[in-house]
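**Student:** Starting off with a structure, shown below.
Residue numbers (the numbering used here): 31 to 203.
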């Protein structure tokens, strides 16, 4: 049985549906990185955006609510001026995670530079005991290390879709 199923779109996009488990999340790194490099991104950009995809997938698996047969969807799309990573997963009945997620995204946006948010979050993490596998660094890593703008929406089917948009620079853009 395959961990990941792919839908052919074009050479500048990758769409995958995967079960909500850690092995499947890890299996996405290489197809994502390869597609990004084939679409013309340099190795450093491809690595950073693959990290973004990995972080978003990990959050979906960690905080999503999945019934039998439900999956996580990821779409990575390379355009001339930007790259968008979108991960969609089912929300649980308790929306406490969504409220924390929303507050975190708004908190990151409140900083002039994502580096400032990253440093502040590192200070917070280092001053508290590590508990329950939650450092809260994932989203700030996406904003700072991945140089992405975060956004999200919840549809009528209670699916959370989180997007990270990377603005391309240089001659390739």
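Ideal Cβ positions, reconstructed from N, Cα and C, are used throughout, including at glycine. On a predicted model such as this, the values are computed, not experimentally measured, just so you know.
Residue ranges of each beta strand (DSSP E) run of no fewer than 3 residues wholly in the region 146-197, ordered along the chain?
**Tutor:** For the region 146-197, whole beta strand (DSSP E) runs of length 3 or above, ordered along the chain, are 178-184 and 189-197.
**Student:** Here's the rule: buried if 16 or more other CB atoms are within 10 angstroms of the residue's CB, otherwise exposed. What is residue 183?
**Tutor:** Burial call: exposed.
**Student:** Apply the 10 Å Cβ neighbour rule to residue 41 and answer buried if 16 or more other Cβ atoms are within range, or exposed otherwise.
**Tutor:** Exposed, by the Cβ-count rule.
**Student:** Would you call the CB atoms of residue 180 and residue 169 closer than 9 Å?
**Tutor:** Against a cut-off of 9 Å, the Cβ pair of residue 169 and residue 180 comes out as a contact.
**Student:** Given a threshold of 16 other Cβ atoms within 10 Å of its Cβ, counted over all protein chains shown, does residue 188 qualify as buried or as exposed?
**Tutor:** When all chains shown are included, residue 188 counts as exposed.
**Student:** Quick check on the DSSP output: the beta strand (DSSP E) that includes residue 48 runs from which residue to which?
**Tutor:** Start and end: 43-48.
**Student:** Which word fits residue 84, buried or exposed, when buried means at least 16 other C-beta atoms lie within 10 angstroms of its C-beta?
**Tutor:** Per the 10 Å Cβ criterion, buried.
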